[in-house]
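Participant:
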Amino acid sequence: MWIQGRNLQICTHIRTTFNNITKIWTRIVLPTKVVEPKEVTDTKHADLVCGPKRKVALLFAYLGAGYHGLALNRGNRDIKTIEGALFEALIKAKVVPENCLEDPKKMCYKSASRTDKGVSTCGQVASLKLRIADNVVDLINSHLPANIVILGVKRTTQGFNAQKHAIGRTYSYTLPTYAFADGKNGAEDYHITPEKLKYISSIMYRFKGTHSYHNFTSGKKMGETSAKRYITDFYYEEPFLVEETQYMTCFIKGQSFMLHQIRKMMGLLIAMVSNHAGEDHYVRAFSEPLEDIPKAPGTGLVLQQIHYDAYNKKFGSLHGGIEFDAQQQQREFLKSKIMPSIYRENKENDSMRLWLETLENHDYTGEKARLQWQEINAAKSSSAISSEDVSKTETSNQNVETAIEAEKPVDTNVHSQEPPIPPEKNLLPIEDPLEPSAKKTKTEAVS
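For what it's worth, my numbering labels the leading residue of the sequence shown as 10, then goes sequentially.
Structure, rendered in structure tokens:
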């Protein structure tokens, strides 16, 4: 027995030694198979410029004349828009993929403020992802028309959103001072009086603070929280002359603005100072559900600046904040492109004077607005009554059907009827919302 156990140990030792020698021999003598690394190529974005893809803030300026606003019209590409021209330039510059024109969300695009038809800006900001190159600004500008120019590109955090992170926007509105003359007495050589300027200041002061601007836009109702806006500042600069015509620029700063809000604010201001509307009209504009407020032309409206004070304070140490060294370029674009267009539009097309002639067509007494509101309420009441009648008819029909069913004779030929199920056991089981079968997956939107 002892000899057999000893022999087993010797055999095991020999087998282990042989296996170790075999492993060493294989590593030393046999050639090692070399696996060459495969060349990885991004065929999807192979035609884009070389450079890292980064989230940036894009500062640009444009002249709104000849364009149907900023927003891209995806339903009809023939309509000229600022974003349409901008996206085409980004694609031609090869800093974003071609499919971004079909779906701008693919480059995480978001503008800080949408502008209407004819409205210009010297300080628009948009957030997006693009390929960074040393000459990216010149590269994009080489594919843009002369009335649109990129002023700067700034690195941001991945979560930066040009619209949501903006805490304020500053607009300006430039107009000839004869718009404030009483009635139709405003001549080309009209100069505004100190009394008029004082009255303008008093009205501007009343706009400051939080008010409901439901009558200054469309689709908003009195009492809705979304109709409230906060105006931080409203003032004017000293009037100036342009070829014998006196002009004045008003500045409006607020957290955010709704569609047509600033143009209607200026329309109400002009109507009051020119004695078309009284103080009661101003009060009703904010206190009544409906009020007729004239909308000033969009020619003189300019988006001056987007404010990112809170973002710069929190993330400024990372990439320097949303601050561009382009103030001089902004002033040059405003002086050479935007302002001459405003003066030319008023002189050649008489846009402001033609609009002033329509002020008499508005109702400043509130009577038409009250009648319109009564008609709306009457239509709602009529619709509610009709719905109630239909509901009563359906209920009556159901009652008749139930009565007919109750009068039917019982089938006595059925001998094997099941016993009635107790009411508490005749209920369908309530599905636990926490069970996997009832749980719905929520997908968070990623900016």
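We put the CB at the ideal spot given by N, CA and C, even for glycine.
1) Whose C-alpha, out of PHE225, GLN167, SER235 and TYR352, is nearest the C-alpha of ARG293?
2) My output table needs one value for ARG164: the three-state DSSP class, helix, strand or coil.
3) From THR166, PHE342, THR124 and VAL128, pick the residue whose C-alpha is nearest to that of LYS138; which is it?
4) Classify ASP301 as buried or exposed, calling it buried when 16 or more other Cβ atoms lie within 10 Å of its own Cβ.
5) Relative to the C-alpha of PHE333, which candidate in PHE169, MET361, VAL162 and MET267 has its C-alpha closest?
6) Can you give, in chain order, each stretch of the alpha helix (DSSP H) that sits fully within the region 147-210 and has at least 4 residues?
7) Hey, how far is the Cα of PRO61 from the Cα of CYS117?
8) Going by DSSP in three states, VAL105 sits in which element: helix, strand or coil?
9) Quick check on LYS64: does DSSP put it in helix, strand or coil?
10) Can TYR182 and LEU312 be called in contact, C-beta distance under 8 Å?
11) Give the DSSP bridge partners of HIS316, in chain order.
12) On the CB-based measure, 16 or more other CB atoms within 10 Å of its CB, does TYR214 come out buried or exposed?
13) Go ahead and pull the three-state DSSP assignment for HIS220.
14) In chain order, which beta strand (DSSP E) runs of at least 3 residues are fully inside the region 78-149?
15) Pairing CB atoms from the region 84-97 with CB atoms from the region 147-154, are three or more of them under 8 Å?
16) Quick one: Cα of GLU341 to Cα of MET348, how far?
17) Is the beta carbon of LYS237 less than 8 Å from the beta carbon of THR219?
18) Does THR50 pass the burial test, meaning 16 or more other C-beta atoms within 10 Å, or should it be called exposed?
19) How about GLU271 and LEU310: are their beta carbons less than 8 Å apart?
20) Alpha carbon to alpha carbon, how far is ASP289 from ILE159? Give it in angstroms, no decimals.
21) Among MET275, LEU277, VAL251 and GLN338, whose alpha-carbon lies nearest the alpha-carbon of ARG353?
22) From CYS59, GLY93 and ILE385, pick the residue whose C-alpha is nearest to that of ASN144; which is it?
23) By DSSP, does ILE302 sit in helix, in strand, or in coil?
24) Only counting the same chain, and skipping five residues up and downstream in sequence, which positions put a Cβ closer than 6 Å to that of LEU39?
25) Got a sec, what are the start and stop residues for the alpha helix (DSSP H) LEU363 sits in?
26) Measuring straight from C-alpha to C-alpha, what distance separates VAL44 and ALA142?
Facilitator: Quick answer:
1) Along the sequence shown, one-based indexing puts residue 293 at 284. Closest by alpha carbon: PHE225.
2) In the sequence shown, the residue the question calls residue 164 occupies position 155. Note: ARG164 maps to strand in three-state DSSP.
3) If you number the sequence shown from 1, residue 138 lands on position 129. Put simply, of THR166, PHE342, THR124 and VAL128 the residue whose alpha carbon is nearest the alpha carbon of LYS138 is THR166.
4) For the purposes of this step, residue 301 is taken as the residue at position 292 of the sequence shown. Per the 10 Å Cβ criterion, buried.
5) For this step, residue 333 is matched to residue 324 along the sequence shown. Of the candidates PHE169, MET361, VAL162 and MET267, the one whose C-alpha sits nearest the C-alpha of PHE333 is VAL162.
6) None, since the region 147-210 contains no complete alpha helix (DSSP H) of that length.
7) Here residue 61 refers to the residue found at position 52 of the sequence shown. Here residue 117 refers to the residue found at position 108 of the sequence shown. Pairing PRO61 with CYS117, the inter-Cα distance amounts to about 16 Å.
8) For this step, residue 105 is matched to residue 96 along the sequence shown. Coil.
9) As a first step, residue 64 is located in the sequence shown; it is residue number 55 there, counting from the start. Residue state for LYS64 is assigned as strand, using DSSP reduced to three classes.
10) Here residue 182 is taken as the residue at index 173 of the sequence shown, counted from 1. Here residue 312 is taken as the residue at index 303 of the sequence shown, counted from 1. Not a contact, by the Cβ cut-off of 8 Å.
11) Walking along the sequence shown from the start, residue 316 turns up at place 307. Paired residues: GLY177.
12) Numbered from 1 along the sequence shown, position 205 holds the residue referred to as residue 214. The residue is exposed, with fewer than 16 neighbouring Cβ atoms inside 10 Å.
13) The residue given as residue 220 occupies position 211 in the sequence shown. The answer is strand: DSSP assigns HIS220 an E or B state.
14) Runs found: 129-140.
15) Using a C-beta cut-off of 8 Å, the region 84-97 makes contact with the region 147-154, since at least three inter-stretch Cβ pairs fall below that distance.
16) Taking the sequence shown and counting its residues from 1, one reaches residue 341 at position 332. Taking the sequence shown and counting its residues from 1, one reaches residue 348 at position 339. So the alpha carbons of these two residues sit roughly 10 Å apart.
17) Translated into positions along the sequence shown, residue 237 becomes position 228. Translated into positions along the sequence shown, residue 219 becomes position 210. Their beta carbons are under 8 Å apart, which means LYS237 touches THR219 by this criterion.
18) For the purposes of this step, residue 50 is identified with residue 41 of the sequence shown, where counting begins at 1. Note that THR50 scores a pLDDT of 40, beneath 50, so its modelled location is shaky and nothing firm can be said.
19) Mapped onto the sequence shown, residue 271 falls at position 262. Mapped onto the sequence shown, residue 310 falls at position 301. As written in the sequence, residue 271 is Ile, which differs from the Glu given in the question. The beta carbons of ILE271 and LEU310 sit closer together than 8 Å.
20) Here residue 159 refers to the residue found at position 150 when the sequence shown is read from its first residue. Here residue 289 refers to the residue found at position 280 when the sequence shown is read from its first residue. Rounded to whole angstroms, the gap between the alpha carbons of ILE159 and ASP289 is 46 Å.
21) Position 344 of the sequence shown holds residue 353. Nearest of MET275, LEU277, VAL251 and GLN338 to ARG353, Cα basis: VAL251.
22) Counting from 1 along the sequence shown, the entry for residue 144 is found at position 135. Measuring from the Cα of ASN144, the nearest candidate turns out to be CYS59.
23) As a working mapping, residue 302 is identified with position 293 in the sequence shown. Residue state, collapsed to three classes: coil.
24) Your numbering for residue 39 matches position 30 in the sequence shown. Because LEU39 sits at a pLDDT of 49, beneath the cut-off of 50, its placement in the model cannot be relied upon, and the point is left open.
25) Taking the sequence shown and counting its residues from 1, one reaches residue 363 at position 354. Membership of LEU363 in the alpha helix (DSSP H) is indicated by the continuous run 360-365.
26) Here residue 44 is taken as the residue at index 35 of the sequence shown, counted from 1. Here residue 142 is taken as the residue at index 133 of the sequence shown, counted from 1. Interpretation of VAL44 is limited by its pLDDT of 40, a score under 50 that renders its predicted location unreliable; no figure is taken from the coordinates.
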